[in-house]
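Engineer: So that you can map any letter, position 109 of the sequence shown is 110 in our numbering, and since no number is skipped, the others follow by simple counting.
Don't be surprised by glycine CBs; every beta carbon is placed ideally from N, CA and C.
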Amino acid sequence: MIRRVPWDEWFLPAVGSTMDWSRQLTAEEDRRRIPVDALRVRSGRQLTGRGRRGSSWWDAPGASILTTLAVRRGGAWDPGDRNPATMALRAGLAVSRTLEAFHVDAVAIKWPNDIYVNHRKVCGVLVEADPRWFYIGIGLNVESPSVPDGASRELEPVQPGALNAALPRTAGVHSVVRVLDRSLADALLDRDWVDAVRSRLVWTGLPVRLQVESHPDVTGILDGIDADGAILISDPRSRRVTRYVAGALRASDTD
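Shown next, in the form of structure tokens:
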């Protein structure tokens with residue numbers, strides 16, 4: 002594992018969203034033509050945080066680790082994958098390894114961008130991109146987030162979980178973030194990341210349902226992921242395996 006934190010961090014107690022803030026900083030870096038390959042921002046509170054597929058990300062002060070890593074395209078930390086969407090899986094692997102470094106048990110990756118601990122979601126990853134940068138947003142629940150009455154949630158197969166009972170008492174936010182930085186650097190450069198994700202993938206070999214926009218739901222058996230990070234689902238009758246590059250995955254009791 003890389004021992005030195007490889008990028009600088011900016012921190013503010015509260016921001017609109019770390020994703021938007023990182024975009025502002027990279028635009029400034031580009032205007033100044035400063036050769037920075039990556040930078041990371043972090044905040045104790047997001048006022049307009051967002052999740053995948055347009056959902057809101059709710060948090061309270063001190064309840065979550067909220068950070069975005071910006072990676073310059075073609076720079077030292079760009080893995081150069083054929084499918085840029087694999088950034089979310091690489092980031093999920095980094096979060097998993099971070100939690101495992103603190104002896105958190107039963108850590109699993111839910112394709113394409115969530116981390117589970119003991120069958121409960123504790124972390125979400127959101128990746129956005131522009132022609133120059135990738136933006137990897139990570140929201141890791143230290144305590145269970147509170148959602149305002151009447152607010153809509155992103156549909157989840159389980160209730161949101163938190164790490165406060167799983168992390169050692171000696172594990173503070175700063176120590177977790179330091180290990181996360183090193184884990185991100187390792188995961189971005191890891192040539193064997195696919196096998197590492199496969200070994201942590203939740204519901205492998207079990208019935209699943211994939212919600213695909215503008216198409217009927219897909220049901221079948223989860224066979225894992227391919228070399229480009231696409232999910233593989235097999236028909237239990239024909240045994241035909243089909244790959245999908247997008248969708249919302251859920252556990253299913255149906256064939």
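Sorted by chain position, which residues of the same chain lie with C-beta nearer than 6 Å to A1's C-beta, five sequence neighbours on each side aside?
Structural biologist: Because the chain is modelled from 2 through 256, residue 1 falls outside the range shown and cannot be assessed.
Engineer: Beta-carbon within less than 6 Å of A92's beta-carbon, same chain only, minus the 5 sequence neighbours each way: which residues are those?
Structural biologist: As a working mapping, residue 92 is identified with position 91 in the sequence shown. Within the same chain, A92 has close Cβ partners V126, I137.
Engineer: Give the DSSP-derived three-state secondary structure of A231 in the structure shown.
Structural biologist: Taking the first residue of the sequence shown as position 1, residue 231 is located at position 230. A231: coil per DSSP, three-state reduction.
Engineer: By DSSP, does S215 sit in helix, in strand, or in coil?
Structural biologist: The count along the sequence shown starts at 1 and reaches residue 215 at position 214. DSSP places S215 in coil when its eight states are reduced to three.
Engineer: What residues in its chain sit with their C-beta under 7 Å from that of Q160, if we drop five residues either side in the sequence?
Structural biologist: In the sequence shown, counting from the first residue as 1, residue 160 sits at position 159. Reliability of the predicted coordinates at Q160 is poor, the pLDDT of 45 falling under 50, and the value obtained from them is presented with this limitation in mind. Contacts found: R121.
Engineer: Taking C-alpha atoms, which residue in V219, I139, S239, A188 lies nearest to A95?
Structural biologist: Within the sequence shown, numbered from 1, the residue matching residue 95 stands at position 94. Ranking V219, I139, S239, A188 by Cα distance to A95 puts A188 first.
Engineer: Give the straight-line distance between the Cα atoms of R183 and R133, rounded to the nearest whole angstrom.
Structural biologist: Numbered from 1 along the sequence shown, position 182 holds the residue referred to as residue 183. Numbered from 1 along the sequence shown, position 132 holds the residue referred to as residue 133. Each residue's Cα considered, the two are about 23 Å apart.
Engineer: DSSP has P208 in a bridge; who is on the other side?
Structural biologist: As a position in the sequence shown, residue 208 is number 207, starting the count at 1. BP columns for P208 point to I222.
Engineer: Rounded to the nearest angstrom, what separates I116 and S239 at their Cα positions?
Structural biologist: Translated into positions along the sequence shown, residue 116 becomes position 115. Translated into positions along the sequence shown, residue 239 becomes position 238. Using only the alpha carbons, I get a separation of about 31 Å.
Engineer: Is M88 closer than 7 Å to V1 when the C-beta atoms are compared?
Structural biologist: The requested residue 1 is not part of the displayed model; the chain covers only 2 to 256.
Engineer: Would you mind stating whether G17 and L40 have Cβ atoms separated by less than 7 Å?
Structural biologist: Numbered from its first residue, the sequence shown carries residue 17 at position 16. Numbered from its first residue, the sequence shown carries residue 40 at position 39. No, Cβ-Cβ distance for G17 and L40 is not below 7 Å.
Engineer: Less than 7 Å between C-beta atoms, sequence neighbours within five positions excluded: which residues of the same chain meet that for A15?
Structural biologist: Counting from 1 along the sequence shown, the entry for residue 15 is found at position 14. For A15, where only same-chain residues beyond five positions count, the Cβ hits under 7 Å are S44, G45, R46, L48.
Engineer: Between which two residues does the beta strand (DSSP E) containing G138 stretch?
Structural biologist: Within the sequence shown, the letter at position 137 stands for residue 138. Element bounds for G138: 134 to 142.
Engineer: Could you compute how far the alpha carbon of V143 sits from the alpha carbon of H104?
Structural biologist: On the sequence shown, position 142 is the one that residue 143 refers to. On the sequence shown, position 103 is the one that residue 104 refers to. Whole-angstrom Cα-Cα distance: 15 Å.
Engineer: Apart from the five residues just before and just after T205, which ones in its own chain have a Cβ nearer than 7 Å to its Cβ?
Structural biologist: As a working mapping, residue 205 is identified with position 204 in the sequence shown. Closer than 7 Å at Cβ, skipping near neighbours: L223, G225.
Engineer: Please report the straight-line C-alpha distance between D131 and R244, rounded to a whole angstrom.
Structural biologist: Counted from its first residue, the sequence shown places residue 131 at position 130. Counted from its first residue, the sequence shown places residue 244 at position 243. Cα to Cα, the separation comes out at about 26 Å.
Engineer: Who are the Cβ neighbours of R210 in its own chain at under 8 Å, not counting the five residues just before and after it?
Structural biologist: The residue you call residue 210 lines up with position 209 of the sequence shown. Same-chain partners within the cutoff: D218, V219, T220, L250, R251, A252, S253, T255.
Engineer: V72 to G230, Cα distance in whole Å?
Structural biologist: For the purposes of this step, residue 72 is taken as residue 71 along the sequence shown, with counting starting at 1. For the purposes of this step, residue 230 is taken as residue 229 along the sequence shown, with counting starting at 1. Cα to Cα, the separation comes out at about 19 Å.
Engineer: Would you call W33 buried or exposed, if buried means 16 or more other Cβ atoms sit within 10 Å of its Cβ?
Structural biologist: Residue mapping note: residue 33 aligns to position 32 of the sequence shown, counting from 1. One detail in the question is off: residue 33 reads as Arg in this sequence, not Trp. Counting Cβ neighbours within 10 Å, R33 comes out exposed, since fewer than 16 surround it.
Engineer: What do you get for G173, buried or exposed, if any count of 16 or more other CB atoms within 10 angstroms of its CB means buried?
Structural biologist: Position 172 of the sequence shown, counted from the start, is the residue given in the question as residue 173. G173 comes out exposed.
Engineer: Output yes or no for whether 7 Å exceeds the beta carbon distance between V246 and S235.
Structural biologist: By 1-based counting over the sequence shown, the position of residue 246 is 245. By 1-based counting over the sequence shown, the position of residue 235 is 234. The answer is no: Cβ separation not under 7 Å.
Engineer: Which residues bound the alpha helix (DSSP H) around S65?
Structural biologist: The residue labelled residue 65 in the question sits at position 64 within the sequence shown. Not the alpha helix (DSSP H): S65 falls in the beta strand (DSSP E), residues 65 to 73.
Engineer: Suppose the cutoff is 6 Å on Cβ atoms and the five residues either side in sequence are ignored; what does the same chain contact list for W22 look like?
Structural biologist: Position 21 of the sequence shown, counting from 1, holds the residue named residue 22. Same-chain partners within the cutoff: V16, V42.
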